[in-house]
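See below for the structure under consideration.
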Amino acid sequence: MSAESVPNPNGVALRVRHLSVRARDRAILTDISIDIPDKEVTAVIGPSGCGKTTFIRSLNRMTETTHGLTVQGSVLYRGQEEIYSPSVAPVLVRQRIGMVFQRPTVFPISVYENVAFGLRLEHQPEDRIEQEVEYSLVRAGVWEEVKKDLDRPALSLSGGQQQRICIARALAVRPRILLMDEPTASLDPVSTQRVEATLEELSREISIVMVTHSIAQAARASTRTAYFYQGRLIEEGPTEELFERPKQELTEEYVTGRFG
Amino acid sequence: MTAGAEGRGEQATTLTYASVSGRTRRRLVFDRLIPWLLPLAFVAVLFPLFDMIFWVAQKAVPTFTLATLTETQVGFGGGLYSMILGTLILIAIGTAIATGIGIAAGFYTAEYAPPAVASFGRLAGNILAGVPAIVLGYFGYYLLVLYTNWGFTTLAGGIVLGIFMVPYVYRTTDVALTGVPPTQREAALAMGARPRQYLLRIAFPIALPTILTGIFFAMALGLGEAAPIVYTAGWSSTPITGLMQPTSFLTGAIWLFYDLPPSEGTLLTLAFQAAFLLILIVLALNVIVQLLSDRYRRRLQGLFE
Ligand SMILES: Nc1ncnc2c1ncn2[C@@H]1O[C@H](COP(=O)(O)OP(=O)(O)OP(=O)(O)O)[C@@H](O)[C@H]1O
Ligand SMILES: [Mg+2]
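Respectively, the protein sequence lines represent chains G and L.
Sequential numbering of the first sequence, starting at 1, is according to our numbering.
Sequential numbering of the second sequence, starting at 1, is according to our numbering.
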């Protein structure tokens with residue numbers, strides 16, 4: 001697809017500058033600036049309620065689907081295009097910047113139709129849809145398990161399979177960036193491992209931002225980590241560095257498990 | 001753990017009904033009675049229903065033949081043909097109107113309307129559902145019979161019946177759509193779906209079993225109404241040939257014929273046959289909606305956990 005062939009000159013998937021999100025009277029996120037690099041897994045960590053979910057939802061304009069949130073600042077797609085510009089279609093933003101949620105959110109239709117959902121929105125021809133469905137299920141690491149059950153209701157699969165169907169569904173429209181909100185929080189260790197392996201594969205081609213509550217998972221599965229605390233970005237950098245030589249005391253307290 | 005250690009001496013039991021007294025004991029005993037009292041209430045509801053069906057069937061079945069369905073009532077003879085035809089056409093018009101408006105309004109309040117407008121819409125729906133059918137009848141009479149100069153017409157009857165049915169379709173649509181797990185909406189929008197696409201592709205299929213139940217419920221209620229129609233569709237014993245003519249209908253037969261003096265025996269029988277037929281139709285509707293919504297609901301297993 002076209003999005004894929006456009007070269008990315010600066011290696012930045014998302015350039016976030018002075019991003020603030022408010023809910024009426026109170027600030028949820030304050031003045032966040034960060035570069036999300038291309039083709040890497042960026043982990044977003046921090047204590048509960050610090051704004052991790054709000055942060056990734058503001059990266060593909062999902063914030064505006066809930067009432068009462070106002071967003072300020074700028075988010076530049078591939079370091080160039082302002083996603084909050086009035087001339088930008090949120091629908092296209094969300095196709096390029098996909099999202100996977102904490103709990104599996106398969107639709108009550110077949111496995112095949114779930115993965116085909118985004119392609120049908122684009123009115124793609126059936127033969128292309130068929131190709132993409134298979135390719136996406138392979139990339140999400142769930143093809144072998146469901147290839148005989150494509151017509152089964154997706155809701156009848158296990159939680160771990162459902163979550164990987166959701167990943168496949170997000171991948172089918174070939175996003176450049178995938179935002180994931182605690183994608184393994186409701187999964188068992190084996191499924192978690194599969195999803196992590198999937199992420200590693202995917203990060204060769206696309207950029208991934210993953211919220212996680214598990215410091216161990218951030219250490220295992222990400223190349224960069226951003227630590228949030230009370231709506232602010234405290235520290236951000238290569239995962240190894242952030243865990244071994246944190247610059248901020250707050251970060252050190254959190255990654256060494258002294259609180260949070 | 002020993003009772004003795006707490007100074008209760010010989011009192012061997014602390015677990016029986018006898019070991020507690022007063023209010024606690026009365027509560028425990030009452031709890032045990034509930035499984036017996038509830039079935040009584042159940043029977044109290046069902047008994048009159050079955051008694052009524054039996055009473056109607058007793059008067060209607062012995063004389064119920066194919067001719068009852070196919071012949072037109074003439075004088076003191078004939079069957080229910082024109083009334084059946086009238087009822088079917090009236091309910092068809094009513095259902096078309098109620099389904100169209102009700103579902104559209106439900107879509108609007110559930111997805112598009114600002115919260116204040118949505119709660120106003122819901123309030124208006126509840127008020128409309130609470131308006132007595134006879135008031136709707138008068139309203140239709142003034143607006144569709146007198147004001148338009150149509151006179152009594154089947155179309156006016158169908159429209160008023162539709163207005164009567166709208167709030168039920170509207171409310172179930174709204175409830176069913178707002179009851180769709182919000183994660184489904186999130187997921188669809190995050191895929192780049194527009195609200196309309198989310199509604200049609202995801203929310204509507206999920207809400208469909210409930211909406212169907214609402215439509216069939218409205219039909220059952222509409223079938224049983226006489227008041228809104230007598231004032232608008234008038235009455236005509238001959239089978240209708242056009243929507244701008246008056247018509248007869250089953251509930252009208254019950255209402256008009258049941259009050260006649262005992263000498264007019266055949267018409268009284270027709271009233272019972274009309275009632276019997278209505279009961280059968282409503283039962284059939286119930287079975288159909290049950291089967292249909294079960295079929296759709298099976299796909300949704302696991303969604304509402
Ligand atoms: N739509 C909203 N309106 C008002 N307040 C909100 C809204 N969304 C989030 N918040 C508030 O913003 C803060 C951050 O929420 P957010 O969900 O982003 O935290 P989080 O870091 O993802 O937490 P968790 O780790 O528990 O998922 C919370 O205090 C929350 O109550
Ligand atoms: Mg969260």
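C-beta: ideal position from N, C-alpha, C; glycine also.
The structure presented is a predicted model; accordingly, all values stated were derived computationally and were not measured.
Practice item. Taking 8 Å as the cut-off, decide whether the C-beta atoms of Asp-189 of chain L and Thr-65 of chain G are in contact. Key: At residue 189 of chain L the sequence reads Leu, which differs from the Asp that was named. Contact flag set, yes.
Check your understanding: Is Val-211 of chain G near ligand 2, going by C-beta to nearest heavy atom under 7 Å?
Key -> Checking the Cβ of Val-211 of chain G against ligand 2 gives yes.
Check your understanding: Buried or exposed: which applies to Gln-131 of chain G, given that a residue is buried once 16 or more other Cβ atoms fall within 10 Å of its Cβ?
Key -> It counts as exposed.
Practice item. Label Lys-52 of chain G either buried or exposed according to how many other C-beta atoms from any shown protein chain fall within 10 Å of its C-beta, with 16 as the threshold for buried. Key: The residue is buried, with at least 16 neighbouring Cβ atoms inside 10 Å.
Exercise for review: Apply the 10 Å Cβ neighbour rule to Asp-181 of chain G and answer buried if 16 or more other Cβ atoms are within range, or exposed otherwise.
Suggested key: Asp-181 of chain G counts as buried, since at least 16 other C-beta atoms from the protein chains shown sit within 10 angstroms of its C-beta.
Exercise for review: Would you decide whether Thr-63 of chain L is buried or exposed? Buried here means 16 or more other CB atoms lie within 10 Å of its CB.
Suggested key: Exposed, because fewer than 16 other Cβ atoms sit within 10 Å of the Cβ of Thr-63 of chain L.
Practice item. Pick helix, strand or coil for Arg-165 of chain G, following the three-state DSSP scheme. Key: The sequence given here places Ile at residue 165 of chain G; Arg does not occur at that position. Three-state DSSP puts Ile-165 of chain G in a helix.
Check your understanding: Alpha carbon to alpha carbon, how far is Ile-208 of chain G from Ser-222 of chain G?
Key -> In a straight line, the C-alpha of Ile-208 of chain G is about 9 Å away from that of Ser-222 of chain G.
Check your understanding: When you compare only the Cα positions, how much space is there between Val-71 of chain G and Thr-99 of chain L?
Key -> Note on geometry: alpha-carbon atoms of Val-71 of chain G and Thr-99 of chain L lie some 40 Å from one another.
Exercise for review: Going by CA-CA distance only, name the one from G:Pro-86, G:Ser-87, G:Leu-59, G:Leu-19 that's closest to Tyr-77 of chain G.
Suggested key: Here the closest residue by C-alpha is G:Leu-59.
**Study point:** Near ligand 2: Asp-181 of chain G beta-carbon under 7 Å from a heavy atom
**Key:** Checking the Cβ of Asp-181 of chain G against ligand 2 gives yes.
Review point. Looking only at its own chain, which residues have a Cβ that is under 7 Å from the Cβ of Phe-139 of chain L, when we skip the five neighbours before and after it?
Key: Within the same chain, Phe-139 of chain L has no close Cβ partners at all.
Check your understanding: Mind checking whether the beta-carbon of Lys-52 of chain G lies closer than 7 Å to any heavy atom of ligand 2?
Key -> At least one heavy atom of ligand 2 falls within 7 Å of the beta-carbon of Lys-52 of chain G.
Check your understanding: What span of residues does the alpha helix (DSSP H) with Tyr-254 of chain G cover, start to end?
Key -> 249-255 is the extent of the alpha helix (DSSP H) around Tyr-254 of chain G.
**Study point:** Contacts around His-18 of chain G, its chain only, beta-carbon distance under 8 Å, and the 5 residues preceding and following it disregarded
**Key:** Closer than 8 Å at Cβ, skipping near neighbours: Asp-31, Ile-32, Ser-33, Gln-72, Gly-73, Ser-74.
Review point. On the premise that Val-255 of chain G lies in contact with Val-44 of chain G, defined as a C-beta separation below 8 Å, what is that separation, rounded to the nearest angstrom?
Key: That pair is no contact at about 13 Å.
Review point. If you check the beta carbons only, do Pro-246 of chain G and Glu-236 of chain G fall under 8 Å apart?
Key: The Cβ atoms of Pro-246 of chain G and Glu-236 of chain G lie no closer than 8 Å to each other.
Practice item. Quick one: residues in its chain with C-beta nearer than 7 Å to the C-beta of Tyr-170 of chain L, no 5 flanking neighbours on either side, listed in chain order? Key: Taken in chain order, the residues that qualify are Gly-102, Ala-105, Gly-106, Gly-125.
Practice item. With DSSP collapsed to three states, give me the class of Gln-95 of chain G. Key: Helix.
**Study point:** Three-state secondary structure assigned by DSSP to Tyr-84 of chain G
**Key:** Note: Tyr-84 of chain G maps to coil in three-state DSSP.
Check your understanding: Listed in chain order, which residues of the segment 31-65 of chain G have Cβ atoms closer than 8 Å to some Cβ of chain L?
Key -> Only Asn-60, Met-62, Thr-65 from the segment 31-65 of chain G bring a Cβ to less than 8 Å from some Cβ of chain L.
Point to revise | Met-180 of chain G, enclosing beta strand (DSSP E) - first and last residue | key: Where Met-180 of chain G is concerned, the enclosing beta strand (DSSP E) stretches over 177-181.
Check your understanding: Given a limit of 7 Å on CB to CB distance, which residues of the segment 166-198 of chain L reach chain G?
Key -> The residues in question are Thr-183, Gln-184, Glu-186, Ala-187, Leu-189, Ala-190, Met-191, Gly-192, Ala-193, Arg-194, Gln-197.
Review point. For the segment 114-133 of chain G, which residues have a beta carbon sitting closer than 7 Å to at least one beta carbon of chain L?
Key: So the list reads Phe-117, Gly-118, Leu-121, given in the order they occur along the chain.
Point to revise | For Arg-57 of chain G, the first and last residue of its enclosing alpha helix (DSSP H) | key: Unbroken alpha helix (DSSP H) run through Arg-57 of chain G: 52-57.
Review point. Buried or exposed: where does Pro-272 of chain G fall if 16 or more other Cβ atoms within 10 Å of its Cβ makes it buried?
Key: Nothing can be reported for residue 272 of chain G, as the shown portion of chain G is limited to 1 through 260.
Review point. When every heavy atom of ligand 1 is checked, does at least one fall within less than 7 Å of the C-beta of Ser-207 of chain G?
Key: No.
Exercise for review: Could you tell me if the beta carbon of Ala-176 of chain L falls within a distance shorter than 7 Å of some heavy atom in ligand 1?
Suggested key: No, since every heavy atom of ligand 1 falls outside the 7 Å radius drawn around the Cβ of Ala-176 of chain L.
Exercise for review: List the whole-angstrom C-beta distance separating Met-191 of chain L from Arg-94 of chain G, where the pair is believed to meet the contact cut-off of C-beta under 8 Å.
Suggested key: 7 Å between Cβ atoms; contact.
Practice item. Have a look at Val-41 of chain G and Leu-157 of chain G and give me their C-alpha separation to the nearest angstrom. Key: The alpha-carbon of Val-41 of chain G is positioned some 27 Å away from that of Leu-157 of chain G.
Review point. Is Ile-306 of chain L close to chain G, meaning its C-beta is less than 8 Å from at least one C-beta of that chain?
Key: Lying outside 1 to 305, the shown extent of chain L, residue 306 of chain L is not represented and no answer is given.
Check your understanding: DSSP on Tyr-227 of chain G, reduced to helix/strand/coil?
Key -> If DSSP states are grouped into helix, strand and coil, Tyr-227 of chain G belongs with the strands.
Exercise for review: Taking only beta-carbon positions, decide if Phe-107 of chain G is within less than 8 Å of chain L.
Suggested key: When Cβ-Cβ separations below 8 Å define contact, Phe-107 of chain G makes contact with chain L.
Check your understanding: How many Å lie between Lys-147 of chain G and Ala-227 of chain L at the Cα?
Key -> Distance between Lys-147 of chain G and Ala-227 of chain L, taken at the CA atoms: about 59 Å.
Check your understanding: In chain G, which residues lie less than 8 Å from Gln-290 of chain L when you measure between Cβ atoms?
Key -> Near Gln-290 of chain L there are no residues of chain G at all, since even the closest Cβ is about 20 Å away, more than 8 Å.
Review point. Who are Arg-232 of chain G's beta bridge partners in DSSP?
Key: Arg-232 of chain G pairs with G:Tyr-229.
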